[in-house]
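**Q** Sharing a structure here in structure tokens format.
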Amino acid sequence: MRQYFFEILTILLLAGSLAFFWESIEYLARRDYVAAVLLLVIGVSVISVGKEMARLALVQKE
């Protein structure tokens, strides 16, 4: 059961990081560079947490 939880959480986190990157592109189009950089930092942080959750999901499989 925990394996599925980690897999679902990984997918949600990776999709969420893509949403942050998309918003960052929209802020860059509006020339709001500070907000774009902040969203990029948040996106990278979320994707790194998603990466760790993927590792946990792989460990649970074994």
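Just so you know, we're using the working numbering here: the sequence shown kicks off at 50 and counts up by one. All residues carry an ideal CB built from backbone N, CA and C; glycine is no exception.
(1) For residue 91, which of 79, 100, 107 and 73 has the nearest alpha-carbon?
(2) Where do the N-terminal and C-terminal ends of the alpha helix (DSSP H) with residue 102 fall, by residue?
(3) Skipping 5 residues on each side, what residues in its chain have a beta carbon closer than 8 Å to that of residue 104?
(4) Taking buried to mean at least 16 other C-beta atoms within 10 Å of its own C-beta, is residue 67 buried or exposed?
(5) Between which two residues does the alpha helix (DSSP H) holding residue 51 run?
**A** Once the coordinates are examined:
(1) Ranked by Cα distance from residue 91, the options 79, 100, 107 and 73 are led by 73.
(2) Annotation for residue 102: the continuous alpha helix (DSSP H) segment containing it runs 82 to 110.
(3) A distance below 8 Å between beta-carbons, with the five flanking residues on each side excluded, links residue 104 to no residue of its chain.
(4) Result: exposed.
(5) Membership of residue 51 in the alpha helix (DSSP H) is indicated by the continuous run 51 to 78.
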